[in-house]
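Here the first sequence is numbered in this note's numbering, starting from 521 and rising by one per residue. Glycine included, C-beta positions come from ideal geometry on N, C-alpha and C. Bear in mind the structure is a predicted one, so any value in this text is a computation, not a measurement.
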Amino acid sequence: MGKQDKEFVKEITPRSQDYSQWYLDVVLKAQMMDYAPVKGCMVIRPYGYALWENMQQGLDRRIKDTGHQNAYFPLFIPESLLQKEADHVEGFAPEVAWVTHGGNEKLTERLVVRPTSETIICEMYSRWIQSYRDLPVLINQWCNVVRWEKVTRPFLRTTEFLWQEGHTAHRNEEEAEEETRKMLEVYRDFVENDLAVPVICGQKTEKEKFAGALRTYSIEALMSDGKALQAGTSHNLGTHFAKVFDITYLDSDGELKYVWQTSWGVTTRLIGAIIMVHGDDRGLMLPPKVAPIQAILIPITPKKARKQVLSKAAEIFAVLKESGLRIEMDDREEYSPGWKFNEWEMKGVPLRIELGPRDLEAGQAVLVRRDNGEKETVALSELTQYIPVLLEKIQTNMYQKAKQFMEENTHRTDDYQEFKQIMEEKRGFLVAGWCGCVECENAVKEETKATIRNIPFHLQQEDPGRCIYCGQDGKHLVIFARAY
RNA sequence: CGGGGUGUAGCGCAGUUUGGUAGCGCACUUGGUUUGGGACCAAGGGGUCGCAGGUUCAAAUCCUGUCACCCCGACCA
């Protein structure tokens, strides 16, 4: 490892040299995406999309396990609907795409391409909900949304992106709050266990919360360059939308009441998180649970042994595939083994299986881990049992490494000078006291570019000390970071 | 949306200062030899120089405009 690595992946800019360029090299060279002819839009290529599909699967299962159903609402939203909720429209107006014509005819009412679906879903909920017996409504949709962003980056911020948005309606505040927190926990479980990305759960400040929400909670992850990435959000919408859209129900006490609502979402941005948390100078490193290819089988085929090796490799490949492993075999003859090793490492495949003449004689295969480069030989007869265990180890190790990185790059301070210095030099998460006023929040952002990522749940019981900026009594311990 | 940068073959670049037949490396195609960490030889194919105007006998090169992408800031998932 070390020097040698860099020679092997000459197409990828080292992270230390230019992190942004490294990220772009990786997503392009690993064929996760390509730029599309529309500004700010990208094509998610098959390899990237396969990753997204695996992610969808893991999350969709969790969403359904918690009682939600999938549905699909329209892409277009009438202007009048979007404008019903004042905060909401104010939040999204600058970044919506407008549809003004149908064919050659000008529309009597402009349509927006959904930036999120609260309004159109509320419109429907107001028709569907009459009685407390209709509650809760627990619906999720997987779809695309469009936000006309000024600056875009592949996966992290694109004009159009894919996501899931859950929208629920409840009888009262308690149920809505429980739902909001429950789904945040679903996200945490999914992101930490399937994506091996550790996160901090907490509440967003007033300034950072969703446009139109009562409260917003988030999971925040730390990228390997020390910048934070909001990985998922869950909103308690209160009764704001219900009042505007007239979503009422007759309760068991005979009173007409407004429903309490929630919404929650994660996006293809999570792919960016995977890349920036796990990737290294060799390229991608994908967690086994969601990797499109979990293991790549590479037969080593010198001429005299080609036939024997290939036939054995095909046999092993079939058995492993049958066992449920997402495995591919690279038996292309026009590339050398070394070339293939580098190629598949760049694409982040968690496990490489080498099978050559020497292995054949010994009745074994060589397994090489992407996460730590360790090599071991395993008897062919043991592969089916052993590989799933090894993949699990890789998954765990990737999470542990990321967790350790996050902990090592989380600093606590009550000294603003030190705060500024850390933010300038090391970045990472900074835990500090905050008085709760937006002036201090803004001032810190102005002076250090760091924002309050969230007010972490796990620090709620601790003494917040003094506000990092004004020195008054602290109200909360919060996490500051520069963010994507 | 402000400041800076880059657009020449699929990718990375040279050529632009000083206008004169569009080049190099990798990749690609064919044939052959190779194969345990990016193999080698030989012969090939591929570009209206981002786009649109203009100046000129002549434009990748000079002028104007425009678009896209990248970096640094203000807004967001």
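Going by beta-carbon coordinates alone, are E865 and R826 separated by less than 7 angstroms? Locating residue 865 in the first sequence gives position 345, where the first residue counts as 1. Locating residue 826 in the first sequence gives position 306, where the first residue counts as 1. Not in contact: E865 and R826 (Cβ atoms no closer than 7 angstroms).
Starting from the Cα of L790, find the closest Cα among P807, Q814 and Q781 and give me that residue. Residue numbering aside, residue 790 sits at position 270 when the first sequence is read from its first letter. Measuring from the Cα of L790, the nearest candidate turns out to be P807.
Given this structure, state the Cα-to-Cα distance separating F612 from V633, to the nearest angstrom. Taking the first residue of the first sequence as 1, we reach residue 612 at position 92. Taking the first residue of the first sequence as 1, we reach residue 633 at position 113. When rounded, the distance between both Cα atoms is 11 angstroms.
What span of residues does the alpha helix (DSSP H) with I791 cover, start to end? In the first sequence, counting from the first residue as 1, residue 791 sits at position 271. Run containing I791: R789 to H798, per the alpha helix (DSSP H) assignment.
Between F593 and S637, is the Cβ-Cβ spacing less than 7 angstroms? Against the first sequence, residue 593 aligns to sequence position 73. Against the first sequence, residue 637 aligns to sequence position 117. For F593 and S637, yes; Cβs fall inside 7 angstroms.
Ends of the alpha helix (DSSP H) at W542? On the first sequence, position 22 is the one that residue 542 refers to. First-last of the alpha helix (DSSP H) with W542: Y539 to K549.
Once you ignore the five residues that flank L595 on each side, which residues in its own chain have a CB closer than 7 angstroms to its CB? Your numbering for residue 595 matches position 75 in the first sequence. Hits under 7 angstroms: V633 and R634.
Identify the residues that DSSP records as bridge partners of Q781: which are they? Mapped onto the first sequence, residue 781 falls at position 261. Note: Q781 sits in a beta bridge opposite A689 and G758.
Any chance the stretch 716-735 sits against the stretch 745-755, with 3 or more Cβ pairs inside 8 angstroms? yes
Less than 8 angstroms between the CB atoms is what I'm expecting for M575 and V810, so what's the real figure, rounded? What you label residue 575 is simply residue 55 of the first sequence in a count that begins at 1. What you label residue 810 is simply residue 290 of the first sequence in a count that begins at 1. Right, the Cβ-Cβ distance comes to about 5 angstroms (below 8 angstroms), so this counts as a contact.
Cutoff 7 angstroms; reference W668; Cβ partners in own chain excluding five residues on either side: In the first sequence, counting from the first residue as 1, residue 668 sits at position 148. Contacts found: E615, V616, A617 and T679.
Buried/exposed call for K503, threshold 16 Cβ in 10 Å: This structure gives no information on residue 503, because the portion of the chain shown stretches from 521 to 1004.
Judging by CA-CA distance, which residue of I794, I972 and E842 is the nearest neighbour of C957? Reading the first sequence from its first residue, position 437 is the one you call residue 957. Out of I794, I972 and E842, I972 has the C-alpha closest to the C-alpha of C957.
Taking the DSSP output, what are the residues bridged to M562? As a position in the first sequence, residue 562 is number 42, starting the count at 1. Note: M562 sits in a beta bridge opposite Y555.
Residue range of the unbroken alpha helix (DSSP H) whose run includes H621: Sequence index remark: in the first sequence, residue 621 carries index 101 (1-based). Unbroken run through H621 is the beta strand (DSSP E), A617 to G622; no alpha helix (DSSP H).
G722, enclosing alpha helix (DSSP H) - first and last residue: By one-based count along the first sequence, residue 722 stands at place 202. G722 -> not in any alpha helix (DSSP H); beta strand (DSSP E) instead, spanning I720 to Q723.
Close-in-space but distant-in-sequence residues of the same chain around L979 (CB under 6 angstroms, 5 per side omitted): On the first sequence, residue 979 is found 459 positions in, with the first residue counted as 1. Excluding residues within five positions, the ones whose Cβ falls inside 6 angstroms are L997.
So, K747 versus S738, is the Cβ gap smaller than 7 angstroms? Here residue 747 refers to the residue found at position 227 when the first sequence is read from its first residue. Here residue 738 refers to the residue found at position 218 when the first sequence is read from its first residue. Their beta carbons are not under 7 angstroms apart, which means K747 does not touch S738 by this criterion.
Exposure of M521, with buried meaning 16 or more beta-carbon neighbours within 10 Å: Numbered from 1 along the first sequence, position 1 holds the residue referred to as residue 521. In this prediction, M521 has a pLDDT of 32, which is less than 50 and means its spatial position is unreliable; nothing more can be read from the coordinates.
DSSP on A731, reduced to helix/strand/coil? Position 211 of the first sequence, counting from 1, holds the residue named residue 731. If DSSP states are grouped into helix, strand and coil, A731 belongs with coil.
In terms of alpha-carbon separation, which member of E694, E927, L817 and R889 lies closest to V909? Working through the first sequence from its first residue, we reach residue 909 at position 389. Ranking the options by Cα distance to V909, first place goes to R889.
Any idea what DSSP makes of G774, helix, strand or coil? Counting from one through the first sequence, the residue named residue 774 turns up at place 254. It is coil, neither helix nor strand.
What's the gap between the Cα of W780 and the Cα of E693? By one-based count along the first sequence, residue 780 stands at place 260. By one-based count along the first sequence, residue 693 stands at place 173. C-alpha separation (whole angstroms): 6 angstroms.
Could you have a look at G494 and say whether DSSP puts it in helix, strand or coil? Given that the chain is displayed from residue 521 to residue 1004, the structure contains no residue 494 and the question cannot be resolved.
Using 10 angstroms around the beta-carbon of T620, count the other beta-carbons present and answer buried if the total reaches 16, otherwise exposed. Residue 620 sits at position 100 when you count from the first residue of the first sequence. Its Cβ having fewer than 16 others within 10 Å, T620 is exposed.
V563 classed as buried or exposed, judged by whether at least 16 other C-beta atoms fall within 10 angstroms: The count along the first sequence starts at 1 and reaches residue 563 at position 43. Classification for V563: exposed.
Where do the N-terminal and C-terminal ends of the alpha helix (DSSP H) with W859 fall, by residue? Against the first sequence, residue 859 aligns to sequence position 339. Element bounds for W859: P857 to M866.
Look at the alpha carbon of F1000 and the alpha carbon of V951, and state the distance between them as a whole number of angstroms. As a first step, residue 1000 is located in the first sequence; it is residue number 480 there, counting from the start. As a first step, residue 951 is located in the first sequence; it is residue number 431 there, counting from the start. Cα-Cα distance, rounded: 6 angstroms.
Just to confirm, is the Cβ distance from L875 to A885 under 7 angstroms? What you label residue 875 is simply residue 355 of the first sequence in a count that begins at 1. What you label residue 885 is simply residue 365 of the first sequence in a count that begins at 1. Contact flag set, yes.
What are the boundary residues of the beta strand (DSSP E) that includes Q661? Counting from 1 along the first sequence, the entry for residue 661 is found at position 141. Q661 -> beta strand (DSSP E) spans V657 to V666.
Report the partner residues of L997 according to the DSSP bridge assignment. To locate residue 997, count along the first sequence from 1; it is residue 477. Answer is G953.
If you compare alpha carbons, which of T736, K913 and R846 is closest to S783? On the first sequence, residue 783 is found 263 positions in, with the first residue counted as 1. Checking every option, the nearest Cα to that of S783 belongs to T736.
Which residues bound the beta strand (DSSP E) around K626? Taking the first sequence and counting its residues from 1, the one referred to as residue 626 is at position 106. E625 to V633 is the extent of the beta strand (DSSP E) around K626.
Which of helix, strand or coil does DSSP assign to M575? Walking along the first sequence from the start, residue 575 turns up at place 55. Correct three-state label for M575: helix.
So, at 7 angstroms on beta carbons, what are the nonlocal neighbours of Q650 in its own chain, with the 5 sequence-adjacent residues on each side left out? The residue labelled residue 650 in the question sits at position 130 within the first sequence. Result list for Q650: Y769 and L770, in chain order.
What separation, rounded to the nearest whole angstrom, lies between the Cα atoms of T821 and T533? Indexing the first sequence from 1 puts residue 821 at position 301. Indexing the first sequence from 1 puts residue 533 at position 13. Their Cα atoms are separated by approximately 32 angstroms.
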